[in-house]
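Step one of this worksheet: look at the structure below.
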(Lines of atoms letter the chains of each structure in order from A and count residues from 1; the text may use other names and numbers.)
(Lines give C-alpha, C1' and ligand atoms only; values in the text may rest on other atoms or scores of the structure.)
Protein backbone atom coordinates (compact mmCIF):
# COMPACT_ATOMS: atom_id res chain seq x y z
CA UNK A 1 0.00 0.00 0.00
CA UNK A 2 1.42 3.36 -1.07
CA UNK A 3 -0.15 6.70 -0.11
CA UNK A 4 0.69 9.98 -1.83
CA UNK A 5 -0.78 13.23 -0.50
CA UNK A 6 -1.46 16.04 -2.91
CA UNK A 7 -0.17 19.58 -2.58
CA UNK A 8 -2.28 22.67 -2.15
CA UNK A 9 -4.33 21.30 0.66
CA UNK A 10 -5.52 23.34 3.63
CA UNK A 11 -5.64 22.37 7.28
CA UNK A 12 -8.58 20.18 8.20
CA UNK A 13 -9.02 22.08 11.46
CA UNK A 14 -8.23 25.69 10.47
CA UNK A 15 -10.57 26.29 7.55
CA UNK A 16 -14.24 25.93 6.70
CA UNK A 17 -14.29 22.95 4.38
CA UNK A 18 -10.56 22.50 4.94
CA UNK A 19 -9.39 19.37 3.18
CA UNK A 20 -6.73 16.74 2.76
CA UNK A 21 -6.51 14.61 -0.36
CA UNK A 22 -4.42 11.59 -1.21
CA UNK A 23 -4.06 8.83 -3.78
CA UNK A 24 -3.81 5.36 -2.26
CA UNK A 25 -2.34 2.59 -4.44
CA UNK A 26 -2.89 -1.05 -3.54
CA UNK A 27 -1.25 -3.27 -6.14
CA UNK A 28 -2.70 -2.30 -9.53
CA UNK A 29 -5.59 -0.29 -8.07
CA UNK A 30 -5.38 3.43 -7.24
CA UNK A 31 -8.04 5.17 -5.16
CA UNK A 32 -8.56 8.87 -4.58
CA UNK A 33 -9.34 9.69 -0.95
CA UNK A 34 -10.65 13.07 0.18
CA UNK A 35 -11.20 14.20 3.78
CA UNK A 36 -13.24 17.41 4.19
CA UNK A 37 -13.92 19.33 7.41
CA UNK A 38 -17.70 19.78 7.66
CA UNK A 39 -18.00 19.76 11.45
CA UNK A 40 -19.58 23.24 11.62
CA UNK A 41 -22.40 22.31 9.21
CA UNK A 42 -25.55 20.22 9.67
CA UNK A 43 -25.86 17.29 7.22
CA UNK A 44 -29.01 18.78 5.67
CA UNK A 45 -27.03 21.94 4.81
CA UNK A 46 -24.32 20.13 2.82
CA UNK A 47 -24.77 19.50 -0.90
CA UNK A 48 -22.54 17.25 -3.04
CA UNK A 49 -22.62 17.06 -6.82
CA UNK A 50 -20.43 15.49 -9.51
CA UNK A 51 -20.26 16.66 -13.11
CA UNK A 52 -17.53 16.00 -15.70
CA UNK A 53 -15.12 14.53 -13.09
CA UNK A 54 -15.54 17.57 -10.81
CA UNK A 55 -16.86 17.10 -7.28
CA UNK A 56 -18.53 20.21 -5.84
CA UNK A 57 -19.19 20.50 -2.11
CA UNK A 58 -21.40 23.36 -0.98
CA UNK A 59 -22.31 24.04 2.64
CA UNK A 60 -24.18 26.77 4.46
CA UNK A 61 -25.02 27.70 8.03
CA UNK A 62 -27.03 30.42 9.69
CA UNK A 63 -26.74 31.48 13.31
CA UNK A 64 -29.14 33.88 15.01
CA UNK A 65 -28.62 35.65 18.31
CA UNK A 66 -30.98 34.79 21.15
CA UNK A 67 -32.63 38.21 20.97
CA UNK A 68 -33.07 37.92 17.19
CA UNK A 69 -31.26 41.20 16.58
CA UNK A 70 -28.28 39.76 14.71
CA UNK A 71 -27.59 36.92 12.36
CA UNK A 72 -24.48 35.33 10.82
CA UNK A 73 -24.77 33.50 7.50
CA UNK A 74 -21.98 31.48 5.91
CA UNK A 75 -21.94 29.79 2.55
CA UNK A 76 -18.84 28.10 1.19
CA UNK A 77 -18.04 25.89 -1.80
CA UNK A 78 -15.04 23.83 -2.88
CA UNK A 79 -14.47 22.05 -6.17
CA UNK A 80 -12.18 19.07 -6.70
CA UNK A 81 -11.21 17.54 -10.04
CA UNK A 82 -10.84 13.79 -9.86
CA UNK A 83 -7.48 12.45 -11.03
CA UNK A 84 -7.58 10.33 -14.19
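Numbering (UniProt numbering), first residue to last: 1 to 84. For each residue, glycine too, the CB sits at the ideal point set by N, CA and C. No experiment lies behind these values; they were computed from the predicted model shown.
- Task: Label residue 72 either buried or exposed according to how many other C-beta atoms from any shown protein chain fall within 10 Å of its C-beta, with 16 as the threshold for buried.
- Result: exposed
- Query: Can you name, in chain order, every residue of its own chain whose Cβ lies under 8 Å from the Cβ of residue 88, other than the five neighbours on each side?
  - Reply: Because the chain here runs from 1 to 84, residue 88 falls outside it and cannot be looked at.
- Message: Three Cβ pairs or more, each shorter than 8 Å: is that satisfied between the region 21-31 and the region 55-67?
- Response: They do not touch, by the three-pair rule.
- Outcome for residue 77 when other beta-carbon atoms lying within 10 angstroms are tallied against a minimum of 16: exposed
- Message: Between residue 102 and residue 34, how many whole angstroms is the CB-CB distance? I'm expecting something under 8 Å.
- Response: Outside the displayed span of the chain (1 to 84) sits residue 102, for which this structure offers no information.
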